[in-house]
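Inspection log for the structure reproduced underneath, given as structure tokens.
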Amino acid sequence: MTGERSITLNGPAIAVRGPSRTWRVIAFCASVISAHSSGAKRLPTSSTFKGAPAAPAGPVSCARTGAGARTTTAKEQRHVTARWMGMGGLRCWLRRAALRRRYTTCPFAAYNLPTALPFLSEATAIATERLSETLVLPTRTSLFHVIDPRVFERPLLDELCSLATRVRMLAKTDEGARALRDLLPTRRAMLYFTQPSTRTFLSFNNACHILGMRTSEIRDPATSSEVKGESFEDSIRTFSSYVDVIIMRAKESGRAAQAARLMNGIPRPVPVINAGSGSDQHPTQALLDIYTLQRSFESSGGIDGKVIGMMGDLKRGRTVRSLCYLMKNYKSVKLVFIAPEQFAMEPDVKAHLDEHRIPYTETTRLEETLPALDALYVTRMQTEWDTAGESRSVDLSRFSIGTREMSLLKRDAIVMHPLPRGPEIDPAVDQDPRAMYWRQERNGMWMRVAVLIKIFAVEERIAAVGP
């Protein structure tokens, strides 16, 4: 049999285009039925073995039951994903084995370029009209690169939070700690931190060790071949030859995205994790902040419906920027930006909030705002980005928290800070049970353990371990 066929299973029809035979269609149906019966989530990715064909140029053919096929426009192609894989890939999937090579035809911004999907013949293309209708297979949502917080959706956030709680409970017992160390004993991580870091570096380093991984590090470019004139691209390509994941922090915005694009174009890509990129993004900090908020409000409906204040240098603070991008995943959240006028939240973040209809207000009056807040996220003045001593012009007493300000907060409100802190939080506040920044710091390591588990897709192996 040849030509285009359409198969429907409680959802949109899926078009199978290219040479096909009866046994391939039967295998395809069996995989879909197996996926459906497992109740698994979608996995929006593509994979192939070496030698499989590249995605064809031009529109992708889609079909719906009874409507025939049609051709998508260039604009619609942003919402279309097509996958190619040989029968060897299907057999590999049935054995639950790992695939040797990965690539994706999904738009980079749509998902975090996760792991493999098996399909049928070397010339088979499978497409649906919206990513939300992507073919269901018996695996979960996945991660590959972690670059931009905007790509995270609520199901994955909830899963990461649940996974972080699971692993921290396992780590409390000897049996659980051993099980965690046995998850990734053959994997290696590169910690490429060319910008100073304490918490992010140590939490990622310890997260790797909790999972049995080995780590290498470069924290000073002067100790690398960059001093000999080696390009950034060549350095990243070199790291990828030796390790299974690159965790990087850079002073320049966009460096992690640049590394991820490079990885997407080579035969043996490895995941890239953005551990802080200039004054732009810090996605894993945003994930641990979500985890802290979720745990803090577990008994009061979670993050939905909360009023969250953000105070300090919002213009140059990458942590608050990344956290704002994740707020689109929660219902009825309201944001209050409390900052000096010259350090107000940037227009691109406010445009994102407007696009997703997330209400926010801006003010310079802290005390008037405090009684309405469920959470206050404080950040320091980002003096490292000063070019002419701009931070010195700010009256920090108007944007700091002490015991008097704490008395104005709700009894069940919380105070967060990504640390390190300056004078914006009085150390006397540490004794208040509403001060969550030290718990927030601890949460960071467990959330980063969860991120690594998701990237390497080993979460099923801990499901049966421990209590």
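In this note's numbering, the protein residues as written are 1 to 467.
Ideal Cβ placement from N, Cα and C applies to all residues, glycine included.
Item: At least three beta-carbon pairs within less than 8 Å, the stretch 341–357 to the stretch 299–306; Value: no
Item: Nearest to P196 (by Cα), restricted to the options V167, R249, S224; Value: R249
Item: Boundaries of the beta strand (DSSP E) in which I218 is found, first to last residue; Value: 214–218
Item: Length of the line joining the Cα atoms of W446 and G309; Value: 25 Å
Item: Cβ shell of I210 (< 6 Å), same chain only, five flanking positions each side left out; Value: L180, V449
Item: Local Cβ density within 10 Å of K315, reported as buried at 16 or more and exposed below that; Value: buried
Item: DSSP bridge partner residues for E362 (one or two, in chain order); Value: F337
Item: Euclidean distance between Cα positions of Y377 and Y437; Value: 9 Å
Item: Alpha-carbon spacing of E459 relative to S231, whole angstroms; Value: 36 Å
Item: Anticipated Cβ contact below 8 Å, P418 with T379, distance rounded; Value: 6 Å
Item: Cβ contact check for the stretch 157–165 and the stretch 234–244: 3 or more pairs under 8 Å; Value: no
Item: Run of the alpha helix (DSSP H) containing S235, from where it starts to where it stops; Value: 232–242
Item: According to DSSP, residues forming a beta bridge with Q281; Value: S277
Item: Start and end residues, beta strand (DSSP E) containing L376; Value: 375–378
Item: Residue interval of the alpha helix (DSSP H) (run including F201); Value: 199–210
Item: Within 8 Å, strictly: CB atoms of V272 and I147; Value: yes
Item: Nearest to L293 (by Cα), restricted to the options I414, S253, E405, E252; Value: I414
Item: Unbroken beta strand (DSSP E) run spanning Y330, endpoints; Value: No beta strand (DSSP E) holds Y330; DSSP gives it neither H nor E.
Item: Test item: CB-CB of N329 and E153 under 8 Å; Value: yes
Item: 8 Å contact criterion, which P444 and L335 should meet: CB distance rounded; Value: It is Gly, not Pro, that sits at residue 444 in the sequence shown. Not really, about 22 Å apart at Cβ, beyond 8 Å.
Item: Cβ-based neighbour list, M327, same chain, cut-off 6 Å, excluding 5 preceding and 5 following; Value: V333, I358
Item: First through last residue of the beta strand (DSSP E) which encompasses V151; Value: Premise fails: V151 is in no beta strand (DSSP E) and is neither H nor E.
Item: Cβ neighbours of L94 in the same chain (closer than 6 Å, five flanking residues each side left out); Value: Residue placement at L94 is flagged as unreliable, the pLDDT there being 41, under the threshold of 50; a coordinate-derived value is accordingly withheld.
Item: Spatial distance of A177 from Q258 (CA atoms); Value: 35 Å
Item: Straight-line Cα distance separating P269 from P371; Value: 49 Å
Item: Pair within 8 Å by beta-carbon distance, A256 and S225; Value: no
Item: Proximity below 8 Å, CB of D313 to CB of M406; Value: no
Item: Selection from T186, D374, M190, T319 that minimises the alpha carbon distance to H282; Value: T319
Item: Per-residue burial, P433 [other beta carbons within 10 Å of its own, 16 or more giving buried]; Value: exposed
Item: T364 versus S391 - alpha carbon distance; Value: 16 Å
Item: The beta strand (DSSP E) enclosing V458, as first and last residue numbers; Value: No beta strand (DSSP E) contains V458, which DSSP labels as neither H nor E.
Item: Alpha-carbon to alpha-carbon, N205 and R199; Value: 10 Å
Item: Beta-carbon proximity list for M345, same chain, < 6 Å, skipping 5 on both sides; Value: L314, F337
Item: Pairwise C-alpha distance: L156 and D220; Value: 34 Å
Item: Spatial distance of G265 from P149 (CA atoms); Value: 22 Å
Item: Cβ neighbour criterion (16 or more within 10 Å) applied to Y325; Value: buried
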